[in-house]
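Peer 1: Sharing a structure, written as structure tokens. Questions coming.
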Amino acid sequence: MESPYLTHPAVKDGIGFDWLEPKGEGLEIFTDGSGINDRVGAAMVVLYFGQLIHSVRVRLGDNCTVYQAELIGLRLAAEFVLALTTTRRVNVYSDSRSALQSLADPCNTHPLVGEVRSLLKRARTERGVFLHWVKAHVGYHGNELADAEAKEATSSPSVSVELPVSSSRFKCKLRRIIVQAWQDHWDYSPNKGRFTRSIIPNVSLKTHFWGEMAELFTGHGRFPAHLFRFGIGNTDRCACGAVGDAKHYLVSCPLTLNLRARLRFNPLDLSTVVREYNLPVLGELSRRVRAFLPHLQRSRFGRRHKVCK
């Protein structure tokens with residue numbers, strides 16, 4: 001692929017598209033790209049007065065994206081038209097608005113976009129090619145055929161088109177590797193975060209809760225057991241007499257019974273508590289437990305602390 005930076009800015013221009021409903025008249029080409037089970041395929045079908053007369057499908061490398069496949073489908077269409085000996089007008093349809101918008105943008109410097117744009121410009125000049133966007137899966141015969149061919153291309157045993165790894169796919173794969181390494185570390189650290197792991201067994205980049213609930217889910221907060229461990233407070237016991245740790249307030253403390261009754265979860269599987277409908281109640285429960293802090297602060301000043309000299 002020729003570098004898009006070799007094109008002088010004065011001669012840069014995009015190739016426009018519009019919306020046009022297929023009418024089944026003359027030569028019509030439909031293109032599509034598809035991704036199934038980390039495999040990617042592209043296809044092009046040619047209809048003449050509504051009858052299928054030609055089709056091409058290719059499988060792309062597994063590191064390619066559906067966006068690249070959509071562009072490859074349009075490249076197949078341009079190559080087919082340029083191979084014709086003569087034609088007056090060809091309508092090319094794609095359901096990928098992102099691919100068509102990239103071709104219409106003269107400032108887009110993606111190498112594949114530049115290559116396809118160049119071919120389509122030539123096809124427009126020499127063969128009268130016009131690009132159109134159509135909605136996907138609304139019953140257009142040609143679009144459905146192209147979609148089926150693109151899906152079929154993903155099952156091909158061999159790769160027909162290799163392209164450089166896109167930045168989006170690279171970031172996606174890198175993110176998967178990092179999250180998996182994070183999960184492995186989380187799974188095989190038996191002496192750290194055991195209580196938190198019982199609530200959140202699977203790591204995620206998604207934020208499930210806000211700051212004040214971090215105390216409740218980690219056990220590192222304003223709980224008698226945790227504060228007593230660090231020499232704050234005179235006892236590790238809750239006012240009810242049990243050990244006052246986070247699990248106690250979440251599962252069995254009578255002081256939080258009215259709030260716990262509103263939670264929908266299995267006490268034997270704490271991971272079931274992290275649900276969208278439970279978050280407001282968990283926030284209230286966390287604030288209820290935090291309200292015990294003033295008493296613990298006063299207790300702290302009543303203790304003797306060793307001072308290092």
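Letter 202 of the sequence shown, counting from 1, is numbered 202 in full-length UniProt numbering, and no numbers are missing.
Here a beta-carbon is modelled for each residue, glycine too, at the ideal position from N, C-alpha and C.
Keep in mind it's a predicted model, so treat the numbers as computed, not measured.
(1) Would you check if there are 3 or more beta carbon pairs closer than 8 Å linking the stretch 36-52 to the stretch 117-134?
(2) Using only alpha-carbon positions, find the residue among G26, E70, R75, A78 that is nearest to I53.
(3) Under DSSP, the alpha helix (DSSP H) around N143 begins and ends at which residues?
(4) May I have a chain-ordered list of the beta strand (DSSP E) segments no shorter than 3 residues that lie completely inside the stretch 19-85?
(5) Given that a residue counts as buried once 16 or more other Cβ atoms are within 10 Å of its Cβ, and exposed if not, what is R298?
(6) Would you decide whether H226 is buried or exposed? Buried here means 16 or more other CB atoms lie within 10 Å of its CB.
(7) Please list the terminal residues of the continuous alpha helix (DSSP H) segment that includes residue 322.
(8) Is the number of C-beta pairs between the stretch 196-213 and the stretch 88-99 that are closer than 8 Å three or more?
(9) Looking at G193: is its Cβ nearer than 9 Å to the Cβ of W186?
(10) Buried or exposed for M29, going by 16 or more other Cβ atoms inside 10 Å?
(11) In whole angstroms, give me the CA-to-CA distance for L103 and S168.
(12) Under DSSP, the beta strand (DSSP E) around H132 begins and ends at which residues?
(13) Starting from V165, trace the beta strand (DSSP E) both ways and give me its first and last residue.
(14) So, at 7 Å on beta carbons, what are the nonlocal neighbours of L215 in its own chain, with the 5 sequence-adjacent residues on each side left out?
(15) List the DSSP bridge partners of N202.
(16) On the DSSP letters alone, give me the boundaries of the alpha helix (DSSP H) that V281 sits inside.
(17) My output table needs one value for F217: the three-state DSSP class, helix, strand or coil.
(18) Taking its Cβ as the centre, do 16 or more other Cβ atoms sit within 10 Å of I15, making it buried, or is it exposed?
(19) Closest to A78 by CA distance: which of L119, G211, G233 is it?
(20) Taking its Cβ as the centre, do 16 or more other Cβ atoms sit within 10 Å of N191, making it buried, or is it exposed?
(21) Given a cut-off of 9 Å on the beta-carbon distance, is the pair S204 and V179 in contact?
(22) Output the boundary residues of the beta strand (DSSP E) element that contains residue 310.
(23) Measuring CB to CB, does L60 end up less than 9 Å from A69?
(24) Excluding sequence positions up to five away, which residues of its chain have a Cβ less than 6 Å from the Cβ of A246?
(25) Out of D269, S55, T87, point me to the one whose CA is closest to L145's CA.
(26) Tell me whether L270 counts as near the ligand NAP, meaning its Cβ is closer than 8 Å to at least one heavy atom of that ligand.
Peer 2: So, from the listed chains and residues:
(1) no
(2) Closest by alpha carbon: G26.
(3) 141-153
(4) 27-36, 39-48, 51-60
(5) Low confidence applies to R298: its pLDDT is 43, below 50, so where it sits in the model is not reliable, and the reading given next is rough at best. With fewer than 16 Cβ atoms within 10 Å of its Cβ, R298 is classed as exposed.
(6) buried
(7) Residue 322 lies beyond the residue range present for the chain, which begins at 1 and ends at 309; the question has no answer from this structure.
(8) No, because fewer than three Cβ pairs between the stretch 196-213 and the stretch 88-99 fall closer than 8 Å, the two stretches do not touch.
(9) The Cβ atoms of G193 and W186 sit closer than 9 Å to each other.
(10) It is worth fixing the name first, because residue 29 is Ile in this sequence and not Met. By the neighbour-count rule (16 or more Cβ atoms within 10 Å), I29 is buried.
(11) 18 Å
(12) 129-133
(13) Taken as a continuous stretch (DSSP letters only), V165 belongs to no beta strand (DSSP E), as it is neither H nor E.
(14) Reading off the sequence shown, one finds Glu at residue 215, where the question assumed Leu. The residues are G221, R222, S286.
(15) Beta-bridge partners of N202 (DSSP): none assigned.
(16) For V281, the enclosing alpha helix (DSSP H) has its first and last residue at 279-290.
(17) Secondary structure at F217: helix, using DSSP grouped into helix, strand and coil.
(18) buried
(19) Considering only alpha carbons, the answer is L119.
(20) exposed
(21) yes
(22) This structure cannot speak to residue 310, because the chain is shown only from 1 to 309.
(23) yes
(24) Exclusion of the five residues before and after A246 leaves L216, G219, F223 as the residues of its chain whose Cβ lies within less than 6 Å of its Cβ.
(25) S55
(26) This structure lacks the ligand NAP; in fact it carries no ligand of any kind.
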